[in-house]
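S.K.: Just so you know, the sequences run in chain order E and F.
Positions in the first sequence are counted from 1; adding 10 to them yields this note's numbering.
Positions in the second sequence are counted from 1; adding 93 to them yields this note's numbering.
Before I ask anything, let me first share the structure, which is written out below as structure tokens.
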Amino acid sequence: MTDRLAGGAGSAAGVEVALPHPGAARAPARTRVLESERLLAAALLAPTVVLLGLFIAYPFVMGIWLALTDTSVGRPGRFVGLENFVRAWTDSIFQAAFRNTFVYTFWATVLKLSLGMWLALLLNRHFRGKRLVRASMLLPFIVPTVLSTFAWRWMFDPTFSVLNWTLYQLGLIGDRWWSLSPTKLPFLSDGTYALACAIVVNTWRGMPFFAITLLAGLQTINPDLHEAAALDGAGGWKRFWYVTWPLLKPVTLVVVVFSVIQTFADFQLIYVLTGGGPANSTHLLATYAYQVGVHSGLLGEGAAISLFMFPVLFAVVWLQLRYLRRLEGA
Amino acid sequence: MMTKPVNRRQFLVGAGAAVAGSGLAGILEARRAPAYAQGTKLHIVRWVDFIPEADVELKRQAPEASKALGAEIVFEFINANDVQPRITAAIQSGAGADIFMLFYNWPQLYQNALVDVSDVAEAIAKEQGGFYGVFQPSFRVGGRWLGVPHSIVGNAIAYRRSWFREIGYDRFPETWEEVRKAGAALKKKGKPWGQTLGHTFGDAPTWAYPLMWSFGGAETDPSGKKVVINSKGTIESVKWMQAFWKEACDEGGLAWDDTNNNRAFHAGDICATLNGASIYIVAKRQKDKIRDERGEPMFQDIDHAFYPFKGGAGQYPLYFSNGHGVMKYSKNQKLAKDFLRWLHRKENFEKWFVVNEGYSVAATTYWEKHPMWDKVDPPLKLFQTAARNTRIFGHAGPSTGKATEAFSKYIIVDMYAKAVQGMKAEDAVRWAETELKRIYEA
Numbered sequence: 011m012t013d014r015l016a017g018g019a020g021s022a023a024g025v026e027v028a029l030p031h032p033g034a035a036r037a038p039a040r041t042r043v044l045e046s047e048r049l050l051a052a053a054l055l056a057p058t059v060v061l062l063g064l065f066i067a068y069p070f071v072m073g074i075w076l077a078l079t080d081t082s083v084g085r086p087g088r089f090v091g092l093e094n095f096v097r098a099w100t101d102s103i104f105q106a107a108f109r110n111t112f113v114y115t116f117w118a119t120v121l122k123l124s125l126g127m128w129l130a131l132l133l134n135r136h137f138r139g140k141r142l143v144r145a146s147m148l149l150p151f152i153v154p155t156v157l158s159t160f161a162w163r164w165m166f167d168p169t170f171s172v173l174n175w176t177l178y179q180l181g182l183i184g185d186r187w188w189s190l191s192p193t194k195l196p197f198l199s200d201g202t203y204a205l206a207c208a209i210v211v212n213t214w215r216g217m218p219f220f221a222i223t224l225l226a227g228l229q230t231i232n233p234d235l236h237e238a239a240a241l242d243g244a245g246g247w248k249r250f251w252y253v254t255w256p257l258l259k260p261v262t263l264v265v266v267v268f269s270v271i272q273t274f275a276d277f278q279l280i281y282v283l284t285g286g287g288p289a290n291s292t293h294l295l296a297t298y299a300y301q302v303g304v305h306s307g308l309l310g311e312g313a314a315i316s317l318f319m320f321p322v323l324f325a326v327v328w329l330q331l332r333y334l335r336r337l338e339g340a
Numbered sequence: 094m095m096t097k098p099v100n101r102r103q104f105l106v107g108a109g110a111a112v113a114g115s116g117l118a119g120i121l122e123a124r125r126a127p128a129y130a131q132g133t134k135l136h137i138v139r140w141v142d143f144i145p146e147a148d149v150e151l152k153r154q155a156p157e158a159s160k161a162l163g164a165e166i167v168f169e170f171i172n173a174n175d176v177q178p179r180i181t182a183a184i185q186s187g188a189g190a191d192i193f194m195l196f197y198n199w200p201q202l203y204q205n206a207l208v209d210v211s212d213v214a215e216a217i218a219k220e221q222g223g224f225y226g227v228f229q230p231s232f233r234v235g236g237r238w239l240g241v242p243h244s245i246v247g248n249a250i251a252y253r254r255s256w257f258r259e260i261g262y263d264r265f266p267e268t269w270e271e272v273r274k275a276g277a278a279l280k281k282k283g284k285p286w287g288q289t290l291g292h293t294f295g296d297a298p299t300w301a302y303p304l305m306w307s308f309g310g311a312e313t314d315p316s317g318k319k320v321v322i323n324s325k326g327t328i329e330s331v332k333w334m335q336a337f338w339k340e341a342c343d344e345g346g347l348a349w350d351d352t353n354n355n356r357a358f359h360a361g362d363i364c365a366t367l368n369g370a371s372i373y374i375v376a377k378r379q380k381d382k383i384r385d386e387r388g389e390p391m392f393q394d395i396d397h398a399f400y401p402f403k404g405g406a407g408q409y410p411l412y413f414s415n416g417h418g419v420m421k422y423s424k425n426q427k428l429a430k431d432f433l434r435w436l437h438r439k440e441n442f443e444k445w446f447v448v449n450e451g452y453s454v455a456a457t458t459y460w461e462k463h464p465m466w467d468k469v470d471p472p473l474k475l476f477q478t479a480a481r482n483t484r485i486f487g488h489a490g491p492s493t494g495k496a497t498e499a500f501s502k503y504i505i506v507d508m509y510a511k512a513v514q515g516m517k518a519e520d521a522v523r524w525a526e527t528e529l530k531r532i533y534e535a
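Here it is as structure tokens:
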């Protein structure tokens, strides 16, 4: 027996929906279980929760626990509280790595964003071979980081650098009157140069991700808006600033959040390019944590160093997501 | 006399006891493989040797060892800088290779995860004239051998004989000051000295530690608990390095790893460098490819000189000593020990030793008398006895895990690297002192 109601919540207007009578006999337990939306949701979510728990939550909790102990390779540790964190904080190599991580992340993100945006605007135009150019753009992103970084390392090689050779052939280094430097450039053998080189390689590798994502964002912008702005007399820059940028801001923020997370926790690039040298001038938190934890066998101290990344990344993500939510709400 | 019939079970029990009791000798005498479970595999991880033929020889020996031991012997060769991460991961996960190659004093660092191999090591030492002194403080922990010493890669200065002759040195300069002057003269001619001060396991520390020791510097006092690096000797060594770097070296060396100097030398870009014998041996084996500026095979112009130089507080080298450790988590510990015995049998070890031509010398003194030394080229003879006097880091204290930590953090190397980049010698030493105190005095 059912009541018949016209239109109801969730039904289209004018369609009659059959609802069970309150006094009707209850369905068998097995049917109730099978039809329960809560159980279905739990069942569908369970694999993801298990995977996240195993591969994200467990290592993270384990990392916190390790950081609070003096565990070393092959030796279970004892609880030492925040000693590892204090020890790291007062370590001059850690301080250099901490500073480097911020410098590296800041400049790499700024460069990737500005160059990625510029590239996306170029690729959004119509020109012959557009698809080929767009596809080839992704190459740096597709090639494994270790391989591409090895190639860069050869290009920056202190003895056989093709870049120094090119600069020499162009007369930009050498003893000619227009030469900028009398000697070859110390790409990886000077601390400042080496960090700059690492930023360049990171930018080269990460820029396509920015460009492609921003390009996707650009293509969602209605061309009528640009036409209207042009009719109102807005020039190229004003159209970008008042039309493109506000509409692209949410996508940009998401890309920047991803990039900051990846760059701040970068490991492979520095490990292959410089190994943290010369004299620790290019160590990042991840590479220094690896050196202490894996090479010196001090797993507790290494875990503490890597955990210094967490509050910084958490704050960055929280601030940016908050800003994003505010944008969506506006 | 009546003999009691033996049933199958009794035979197996008896045979098993005989094999276990007699060890490898029993196996070989019986000409029968021991009773390891079918499909047993022994996994050994070693570095990729700078003498490729050495790895080829080990690969060639693997089937022979498999046949002799009745189990599959598998070598894996990986980049030297990746061996330590592999060991750490294996120990923490309790799974991985059965035997790992151990560098320098790693048995100290991994002591809780290594099997006592004293029985194997002591038998080898007894048979082959004893191990070189460097292995006592590095491979023995608490009176037990936690690794079986295998070999030592001696380092020496590889130099271009004709280039030094051009500036008036018929023999290689002997003292620190002479070397600095000769290096400066050659750099002026566009032929700098090549030396790494980068974060790399071989050529950087084997340059930096002996430099400090030979000027009278040390990390700690004999107790190993008091840091004494901030001394006149260390500061003098840093000042020498600063001058040498500026006047004589290719300044790109701050970013070199262990392969850069080999390539730079073979390309004719540097006049001298600290290295194993591989520069000479590779140049000789590839004499058609590696030629000097006159088009002649370069190896004919290469010679070796002892490092560290004279004129300081003594000559104390640091060489790349190494061996093998059996992991506690391994289910094949007995097989692993049997394999190490097999590997060190004179007739097997000899084949590998000869291929090396002096690049890697044995861990025991017996091999100093091997006829190979009568046949090797004169530039390689220096390596015959080079391992006698080598030290290990941590000096003047014991070479503990703390010494490994200081080594892994490249503190001594970076002390020199900071100084050649412009830091005052006294400040660079003070920086190293602070870092070492955090390790040794914590």
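We put the beta carbon where it would ideally sit given N, CA and C, even for glycine.
1. My assumption, with CB atoms under 8 Å, is that R215 (chain E) sits in contact with T292 (chain E). Please give the rounded CB distance.
2. How would you label Q179 (chain E), buried or exposed, when you count the other beta carbons within 10 angstroms and need 16 or more for buried?
3. So with Cβ pairs under 8 Å, would you call A289 (chain E) a contact of chain F?
4. Considering only residues of the same chain and omitting the five flanking positions on each side of K403 (chain F), which have a CB-CB separation below 6 Å?
5. Using a C-beta to C-beta distance shorter than 8 Å, which residues of chain F count as neighbours of A53 (chain E)?
6. Is there a Cβ from chain E that is less than 8 Å from the Cβ of R237 (chain F)?
7. Compute the Euclidean distance between the alpha carbons of T313 (chain F) and C207 (chain E), then round it to the nearest angstrom.
8. Whole angstroms is fine: what's the gap from L235 (chain E)'s alpha carbon to Y252 (chain E)'s?
9. Roughly how far, in whole angstroms, is the beta-carbon of L207 (chain F) from the beta-carbon of G291 (chain F), given that I think they are within contact range, below 8 Å?
10. If V210 (chain F) sits next to W256 (chain F), beta carbons under 8 Å apart, how far is it from one beta carbon to the other, in whole angstroms?
11. How close, in whole Å, do the beta carbons of I322 (chain F) and L529 (chain F) come, if the pair is a contact with beta carbons under 8 Å?
12. Can you give me the start and stop residues for the beta strand (DSSP E) that A173 (chain F) sits inside?
13. For the beta strand (DSSP E) holding H437 (chain F), just list the boundary residues, first then last.
14. For R336 (chain E) and L78 (chain E), what's the separation of their Cα atoms in angstroms?
15. So, at 7 Å on beta carbons, what are the nonlocal neighbours of D394 (chain F) in its own chain, with the 5 sequence-adjacent residues on each side left out?
16. Where does L411 (chain F) fall in DSSP's three states?
17. Of all Cβ atoms in chain E, is any one closer than 8 Å to the Cβ of L202 (chain F)?
18. Which residues of chain E have a Cβ atom closer than 8 Å to the Cβ of Q514 (chain F), listed in chain order?
19. Please confirm whether A77 (chain E) has its beta-carbon closer than 8 Å to some beta-carbon of chain F.
20. Could you have a look at I183 (chain E) and say whether DSSP puts it in helix, strand or coil?
21. Throw me the rounded Cβ distance for the E340 (chain F) and A277 (chain F) pair, which I believe falls under 8 Å.
22. Please return the same chain residues whose Cβ sits closer than 7 Å to the Cβ of D80 (chain E), not counting the five positions on each side in sequence.
23. Taking a contact to mean a Cβ-Cβ separation below 8 Å, would you say N415 (chain F) touches F196 (chain F) in this structure?
24. Need the endpoints of the alpha helix (DSSP H) that R484 (chain F) sits in, please.
25. State yes or no: is the beta carbon of K501 (chain F) nearer than 8 Å to at least one beta carbon in chain E?
26. Looking at the structure shown, is T292 (chain E) part of a helix, part of a strand, or coil, going by DSSP?
27. List, in chain order, every chain E residue whose beta-carbon is nearer than 8 Å to that of G494 (chain F).
28. I'd like the list of long-range same chain contacts for K248 (chain E), defined as Cβ closer than 8 Å, with 5 residues on each side in sequence excluded.
29. Anything in the segment 101-126 of chain E with a Cβ closer than 9 Å to a Cβ of chain F? List those residues in chain order, please.
30. Please check if any C-beta of chain F sits within less than 8 Å of the C-beta of W328 (chain E).
31. Do you know whose CA, among E:R42, E:R40, E:F104, E:L279, lies nearest V502 (chain F)'s CA?
32. Can you pull out the residues from the segment 155-189 of chain F whose beta carbon lies closer than 9 Å to at least one beta carbon of chain E?
33. Express the C-alpha separation of Q272 (chain E) and G286 (chain E) in angstroms, rounding to a whole number.
34. Would you identify the three-state DSSP class for T111 (chain E), choosing helix, strand or coil?
35. Is R531 (chain F) helix, strand or coil when you go by DSSP?
36. Could you give the distance in angstroms between the alpha-carbon of G303 (chain E) and the alpha-carbon of K140 (chain E)?
M.R.: With the structure as the only source:
1. Within the first sequence, numbered from 1, the residue matching residue 215 (chain E) stands at position 205. Within the first sequence, numbered from 1, the residue matching residue 292 (chain E) stands at position 282. The pair is not a contact, with the Cβ atoms about 16 Å apart (cut-off 8 Å).
2. Within the first sequence, the letter at position 169 stands for residue 179 (chain E). Q179 (chain E) is exposed by the Cβ-count criterion.
3. As a position in the first sequence, residue 289 (chain E) is number 279, starting the count at 1. It does; some Cβ of chain F falls within 8 Å.
4. Counting from one through the second sequence, the residue named residue 403 (chain F) turns up at place 310. Here the set comprises E267, T268.
5. Start at 1 with the first residue of the first sequence, and residue 53 (chain E) comes out as number 43. The premise fails here: A53 (chain E) is roughly 32 Å from chain F at the closest Cβ pair, so nothing lies under 8 Å.
6. As a working mapping, residue 237 (chain F) is identified with position 144 in the second sequence. For R237 (chain F), no CB of chain E lies under 8 Å from its own CB, so it is not counted at the interface with that chain.
7. Reading the second sequence from its first residue, position 220 is the one you call residue 313 (chain F). Reading the first sequence from its first residue, position 197 is the one you call residue 207 (chain E). Roughly 37 Å between the two C-alpha positions.
8. Stepping through the first sequence from its first residue, residue 235 (chain E) is reached at position 225. Stepping through the first sequence from its first residue, residue 252 (chain E) is reached at position 242. The alpha-carbon atoms of L235 (chain E) and Y252 (chain E) are separated by roughly 10 Å.
9. In the second sequence, counting from the first residue as 1, residue 207 (chain F) sits at position 114. In the second sequence, counting from the first residue as 1, residue 291 (chain F) sits at position 198. G291 (chain F) and L207 (chain F) do not touch by the CB rule: their CB atoms are close to 30 Å apart, not below 8 Å.
10. Counted from its first residue, the second sequence places residue 210 (chain F) at position 117. Counted from its first residue, the second sequence places residue 256 (chain F) at position 163. With a Cβ gap of about 46 Å, V210 (chain F) and W256 (chain F) do not count as contacting.
11. Along the second sequence, one-based indexing puts residue 322 (chain F) at 229. Along the second sequence, one-based indexing puts residue 529 (chain F) at 436. Between L529 (chain F) and I322 (chain F) the Cβ distance is about 6 Å, and since that is below 8 Å, they are a contact.
12. Residue 173 (chain F) sits at position 80 when you count from the first residue of the second sequence. Per DSSP, A173 (chain F) belongs to no beta strand (DSSP E); it is in the alpha helix (DSSP H), 173-186.
13. Here residue 437 (chain F) refers to the residue found at position 344 of the second sequence. Boundaries for H437 (chain F): no beta strand (DSSP E) harbours it, while the alpha helix (DSSP H) harbouring it runs 426-437, taken from the DSSP string.
14. Mapped onto the first sequence, residue 336 (chain E) falls at position 326. Mapped onto the first sequence, residue 78 (chain E) falls at position 68. In a straight line, the C-alpha of R336 (chain E) is about 37 Å away from that of L78 (chain E).
15. Residue numbering aside, residue 394 (chain F) sits at position 301 when the second sequence is read from its first letter. Hits under 7 Å: R253, R254, S255, D385.
16. Numbered from 1 along the second sequence, position 318 holds the residue referred to as residue 411 (chain F). Strand at L411 (chain F).
17. What you label residue 202 (chain F) is simply residue 109 of the second sequence in a count that begins at 1. So yes, L202 (chain F) belongs to the interface.
18. Residue numbering aside, residue 514 (chain F) sits at position 421 when the second sequence is read from its first letter. Close partners of Q514 (chain F) in chain E (Cβ separation under 8 Å): D200, G201, P288, A289.
19. Taking the first residue of the first sequence as 1, we reach residue 77 (chain E) at position 67. Judged by the 8 Å Cβ criterion, A77 (chain E) is not in contact with chain F.
20. Here the question's residue 183 (chain E) lines up with position 173 in the first sequence. I183 (chain E) falls in the strand class under three-state DSSP.
21. Here residue 340 (chain F) refers to the residue found at position 247 when the second sequence is read from its first residue. Here residue 277 (chain F) refers to the residue found at position 184 when the second sequence is read from its first residue. Indeed they touch by this definition, with Cβ atoms about 4 Å apart.
22. The residue labelled residue 80 (chain E) in the question sits at position 70 within the first sequence. G87, R88, V90, G310, listed in sequence order.
23. Counting from 1 along the second sequence, the entry for residue 415 (chain F) is found at position 322. Counting from 1 along the second sequence, the entry for residue 196 (chain F) is found at position 103. Yes, the Cβ-Cβ distance between N415 (chain F) and F196 (chain F) is below 8 Å.
24. Start at 1 with the first residue of the second sequence, and residue 484 (chain F) comes out as number 391. R484 (chain F) -> no alpha helix (DSSP H), and no H or E assigned at all.
25. Here residue 501 (chain F) is taken as the residue at index 408 of the second sequence, counted from 1. Note on residue identity: the sequence assigns Ser, not Lys, to residue 501 (chain F). For S501 (chain F), the answer is yes, since a Cβ of chain E falls inside 8 Å of its Cβ.
26. Looking up residue 292 (chain E) in the first sequence gives position 282. The answer is coil: DSSP assigns T292 (chain E) none of H, G, I, E or B.
27. Here residue 494 (chain F) refers to the residue found at position 401 when the second sequence is read from its first residue. Result: S82, G307.
28. Here residue 248 (chain E) corresponds to residue number 238 of the first sequence, with the count starting at 1. Closer than 8 Å at Cβ, skipping near neighbours: A239.
29. D101, S102, I103
30. On the first sequence, position 318 is the one that residue 328 (chain E) refers to. Chain F, which has no Cβ nearer than 8 Å to the Cβ of W328 (chain E), makes this no.
31. Position 409 of the second sequence, counted from the first residue, corresponds to residue 502 (chain F). With the sequence shown as reference, residue 502 (chain F) is identified as Lys, and Val is not the correct amino acid for it. Residue E:F104 is the option with its Cα nearest to K502 (chain F).
32. N174, Q177, P178, I180, T181, A182, I184, Q185
33. Here the question's residue 286 (chain E) lines up with position 276 in the first sequence. Here the question's residue 272 (chain E) lines up with position 262 in the first sequence. Taking the CA atoms as reference points, G286 (chain E) sits about 18 Å from Q272 (chain E).
34. The sequence position of residue 111 (chain E) within the first sequence is 101, counting from 1. In this structure, T111 (chain E) counts as helix in the three-state DSSP scheme.
35. Start at 1 with the first residue of the second sequence, and residue 531 (chain F) comes out as number 438. Helix at R531 (chain F).
36. The count along the first sequence starts at 1 and reaches residue 303 (chain E) at position 293. The count along the first sequence starts at 1 and reaches residue 140 (chain E) at position 130. For G303 (chain E) and K140 (chain E), the distance between alpha carbons rounds to 47 Å.
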